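Read the structure below first, then the notes.
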Amino acid sequence: MSVIPLLYRRTATLALLAGAAVTANGCGRASGATLGDAREAATRVYVAPGKYDEFYAFMSGGFDGQIGVYGLPSGRLLKHVPVFSQNAENGWGYSEQTKPMLQTSYGFVPWDDAHHPELSQTAGVPDGRWLFINGNNTPRIARLDLTRFETEEIIEIPNSAGNHSSPFMTENSEYVVAGTRFSVPAPQKDVSIDDYKSAFSGTISYIKVDSATGHMTLAFQLRMPAFDYDLSHSGKGPSHGWSFFTSYNSEEGNSKLEVNASQRDKDYIAAINWKQAEQCVAQGKATTEPARYAHNLMGEDGIARTEWGTSVKVLTPEACPGMAYYLPTPKSPHGVDVDPSGELIVAGGKLATVIPVHSFSKMLKAIADRAFTGEDHGIPVLKYEATVAGEVQNPGLGPLHTEFDGQGHAYTSMFLSSEIVKWDLKTFKVLDRAPTYYSVGHLMIPGGDSRKPWGKYAVALNKITKDRYLPTGPELAQSAQLYDISGDRMKLLSDFPTIGEPHYAQALPASIIKDRQLKMYNLATNADPWAAKNEKSTRVERKGNVVHVVMTSVRSHFMPDNIEGIQVGDSVYFHLTNLEQDWDVPHGFAVLGNTNAELLLMPGQTRTLAWVPSRVGIYPFYCTDFCSALHQEMQGYIRVSPKGAKVALKWNSPSYHEVENEHEGEHEVAGAATTGEHGTR
Ligand code: RUQ
Ligand code: CUA
Numbered sequence: 007m008s009v010i011p012l013l014y015r016r017t018a019t020l021a022l023l024a025g026a027a028v029t030a031n032g033c034g035r036a037s038g039a040t041l042g043d044a045r046e047a048a049t050r051v052y053v054a055p056g057k058y059d060e061f062y063a064f065m066s067g068g069f070d071g072q073i074g075v076y077g078l079p080s081g082r083l084l085k086h087v088p089v090f091s092q093n094a095e096n097g098w099g100y101s102e103q104t105k106p107m108l109q110t111s112y113g114f115v116p117w118d119d120a121h122h123p124e125l126s127q128t129a130g131v132p133d134g135r136w137l138f139i140n141g142n143n144t145p146r147i148a149r150l151d152l153t154r155f156e157t158e159e160i161i162e163i164p165n166s167a168g169n170h171s172s173p174f175m176t177e178n179s180e181y182v183v184a185g186t187r188f189s190v191p192a193p194q195k196d197v198s199i200d201d202y203k204s205a206f207s208g209t210i211s212y213i214k215v216d217s218a219t220g221h222m223t224l225a226f227q228l229r230m231p232a233f234d235y236d237l238s239h240s241g242k243g244p245s246h247g248w249s250f251f252t253s254y255n256s257e258e259g260n261s262k263l264e265v266n267a268s269q270r271d272k273d274y275i276a277a278i279n280w281k282q283a284e285q286c287v288a289q290g291k292a293t294t295e296p297a298r299y300a301h302n303l304m305g306e307d308g309i310a311r312t313e314w315g316t317s318v319k320v321l322t323p324e325a326c327p328g329m330a331y332y333l334p335t336p337k338s339p340h341g342v343d344v345d346p347s348g349e350l351i352v353a354g355g356k357l358a359t360v361i362p363v364h365s366f367s368k369m370l371k372a373i374a375d376r377a378f379t380g381e382d383h384g385i386p387v388l389k390y391e392a393t394v395a396g397e398v399q400n401p402g403l404g405p406l407h408t409e410f411d412g413q414g415h416a417y418t419s420m421f422l423s424s425e426i427v428k429w430d431l432k433t434f435k436v437l438d439r440a441p442t443y444y445s446v447g448h449l450m451i452p453g454g455d456s457r458k459p460w461g462k463y464a465v466a467l468n469k470i471t472k473d474r475y476l477p478t479g480p481e482l483a484q485s486a487q488l489y490d491i492s493g494d495r496m497k498l499l500s501d502f503p504t505i506g507e508p509h510y511a512q513a514l515p516a517s518i519i520k521d522r523q524l525k526m527y528n529l530a531t532n533a534d535p536w537a538a539k540n541e542k543s544t545r546v547e548r549k550g551n552v553v554h555v556v557m558t559s560v561r562s563h564f565m566p567d568n569i570e571g572i573q574v575g576d577s578v579y580f581h582l583t584n585l586e587q588d589w590d591v592p593h594g595f596a597v598l599g600n601t602n603a604e605l606l607l608m609p610g611q612t613r614t615l616a617w618v619p620s621r622v623g624i625y626p627f628y629c630t631d632f633c634s635a636l637h638q639e640m641q642g643y644i645r646v647s648p649k650g651a652k653v654a655l656k657w658n659s660p661s662y663h664e665v666e667n668e669h670e671g672e673h674e675v676a677g678a679a680t681t682g683e684h685g686t687r
């Protein structure tokens, strides 16, 4: 292996960290295409009006905390799905039913940094059931249901800090994993940061996924050396049962990491035999430690609830020999990716001059032969020469992530030299390179980390856009670029902006999920205790200073739409049920001065907005979603009186005639007129 000259290495390091290296591409091809090229590219990405895209692409929103759903090849944004961040657009994390989704042991955390979407898999192929994504800052993993494009579950990871190497799926969705990027004391304690080496540790968690429901449970945690566990991928095929985690900072530096964590020529890939770990846990070799973590699940009734985890099973490598090995890997590795055959393990060494490729079968043999150079914190370190299948020479600068096309090729993103490098999985020779604009982080090929990549396109998820779009003040657009990878040479087809900073993404053919979409919630089975399934059951109830307004919305009115008897300082809960049973007919709800967000109600759904009026007056409310020709008529008023006022609680109900005709004898209860008067407290 060639040794990178010090000066050059230093420059590369500084440039990497400055994040500003925009160098010319290796082939010297210019971005300006000829008209013929442009025409061809345009037809490749053109999706005619009314036609569908071929792929759904799920892109992380990065520090936006959400998932962006895009169509490929067009790059059209289809949906912005709220996950870890509150979303005022539809009341996610604001409505009473969804607030518990953002609960953590630190309290209500309405934001996160979401990096790596991961589709559930069957036999190593994305099956379109669920999408998982990590919350990086307050360690969490979320699960989205892809029939509804909604977040259904969020589990917090205890003893972790910076949940970066996550959620990466095993090939039959047995587990998603969560490795901590930052080592911390586990369990947490008050200790000097100078005691890093003795008091801190790393954690790798295995979260079991129920195969029928997708529900996650924290199965066990591995207590690891205090390195930074950066990324992961699971084995597949022959390597099923193993997972791989890059760990940089094997120097265990705790300050000025740009220097102190860049000392060694090689850090590690941690190879974890999770089937072995499962066995050790079953044999009682794990210890149960107290832990407190939130597990938030959306119920069948559409209401999220938090359950508190109280303990975690912790397994150490010493207690479970054969569970963990280190593969020395140059240098400060970031991504680790397993090829479709499951045999090759590719690392992206940010500061490495080559792309090292380990062989899974050689690794097993090296373990059997005990080809170790020693141990690090009790974990056997395998000989580099014994596990390496080959190195891609002169790949470019700053390799980060690799995806595969299923045709025997790998594609690696090169952050520093701003390019995608295509190489051959047999010869490890570079076959092609294409510039990215600029500083590509992850790249994504549909199914590109699975056993059967669909190939066809690669998307570069770039960190810097500079001059690519119309400028928009100090912050420029975030950007993805689409490449045609069906031929020998990669072809840049288009640029498209994304929401938030895109990290990883995944894509699958639209045909897998498009016909499974939920069109509406069934009103008849709506189990929200505050649901009103018809206008007759709408009402206003006061209990002390708590007022429940049970309302319905349907084109083009609310019931009730005039409410009196509310007082300053009341806690008012608007429980709205959308009575529509048609696809694509949501109604919105917002009230003057509400210090929250709007509600956006899907057909058949109930959502609740809390409101505390702070001053006397008449407060209009209205539907925010243009739902019909009479949408602008969809409005109402609330009268807010001073605290203690003698204004009776009063609202309008459905007409007396309807009540009388449909429910003989009930009309005395339902209201003898078109208003209900229930007196004050
Ligand atoms: S990481 S590039 Cu989470 Cu590579 Cu973003
Ligand atoms: Cu309902 Cu507009």
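Every letter in the sequence shown is one number past the one before it in the numbering used here, and letter 5, counting from 1, is 11. Cβ atoms here follow ideal geometry from the backbone N, Cα and C, with glycine treated the same way. No experiment lies behind these values; they were computed from the predicted model shown.
Along the chain, where does the alpha helix (DSSP H) that runs through residue i open and close?
i: threonine 128; result: Premise fails: threonine 128 lies in the beta strand (DSSP E), 124-128, not in any alpha helix (DSSP H).
i: serine 517; result: 516-519
i: threonine 393; result: 390-393
i: alanine 283; result: 280-288
On the DSSP letters alone, give me the boundaries of the beta strand (DSSP E) that residue i sits inside.
i: isoleucine 361; result: 361-365
i: glutamate 264; result: Counting along the chain, glutamate 264 falls outside any beta strand (DSSP E), though it belongs to the alpha helix (DSSP H) covering 263-266.
i: alanine 464; result: 463-468
i: tyrosine 181; result: 181-186
i: lysine 428; result: 425-430
i: serine 688; result: Outside the displayed span of the chain (7 to 687) sits residue 688, for which this structure offers no information.
i: serine 171; result: 169-171
i: tyrosine 643; result: 641-647
i: alanine 205; result: That residue, alanine 205, is in no beta strand (DSSP E); its alpha helix (DSSP H) goes 202-205.
i: threonine 144; result: Where threonine 144 is concerned, there is no enclosing beta strand (DSSP E), given that its DSSP letter is neither H nor E.
i: tryptophan 617; result: 612-617
i: proline 695; result: Since the displayed the chain opens at 7 and closes at 687, residue 695 lies outside it and no answer follows.
i: tyrosine 527; result: Premise fails: tyrosine 527 is in no beta strand (DSSP E) and is neither H nor E.
i: threonine 418; result: 415-420
Is residue i helix, strand or coil by DSSP?
i: glycine 623; result: strand
i: glutamine 103; result: coil
i: threonine 583; result: strand
i: arginine 439; result: strand
i: lysine 656; result: strand
i: tyrosine 254; result: strand
i: alanine 543; result: The amino acid occupying residue 543 in the given sequence is serine; alanine does not appear at that position. In this structure, serine 543 counts as helix in the three-state DSSP scheme.
i: methionine 329; result: coil
i: alanine 538; result: coil
i: tyrosine 444; result: coil
i: valine 597; result: strand
i: arginine 495; result: coil
i: glutamate 397; result: strand
i: lysine 371; result: helix
i: histidine 563; result: strand
i: serine 245; result: helix
i: arginine 522; result: helix
i: glutamine 638; result: helix
i: glutamate 306; result: coil
i: leucine 152; result: coil
i: leucine 403; result: coil
i: glutamate 507; result: coil
Compare the C-alpha of residue i against each of the options and name the closest.
i: arginine 474; options: Gly493, Arg457, Val465 and Thr442; result: Thr442
i: serine 485; options: Asn142, Leu467 and Cys633; result: Leu467
i: arginine 621; options: Val574, Val591 and Gln587; result: Val574
i: valine 398; options: Thr40, Ala48 and Tyr417; result: Tyr417
i: isoleucine 351; options: Met369, Ala377, Lys389 and Pro480; result: Met369
i: glycine 68; options: Ala54, Val53, Asn143 and Glu284; result: Asn143
i: histidine 121; options: Ser559, Met65 and Asp271; result: Met65
i: proline 592; options: Ser559, Ala192 and Gly99; result: Ser559
i: tyrosine 656; options: Met565, Asp588 and Pro609; result: It should be noted that the sequence gives lysine, not tyrosine, for residue 656. Comparing Cα positions, the closest option is Met565.
i: phenylalanine 250; options: Gly168, Asp345, Gly599 and Glu313; result: Asp345
i: phenylalanine 226; options: Lys195, Gly241, Thr294 and Glu257; result: Thr294
Any C-beta of chain D sitting closer than 8 Å to the C-beta of residue i?
i: arginine 439; result: The structure shown contains no chain D; it holds only a single protein chain.
| query | Along the chain, which unbroken stretches of the beta strand (DSSP E) at least 3 residues long are found entirely within the segment 28-94? | reply | Runs of the beta strand (DSSP E) lying entirely within the segment 28-94, each at least 3 residues long, are 61-66, 72-78 and 82-88 in chain order.
| said: Which residues neighbour ligand 1 when neighbourhood means a C-beta less than 5 Å away from any of its non-hydrogen atoms? List them by chain order. | reply: His121, Gly447, His448 and His509
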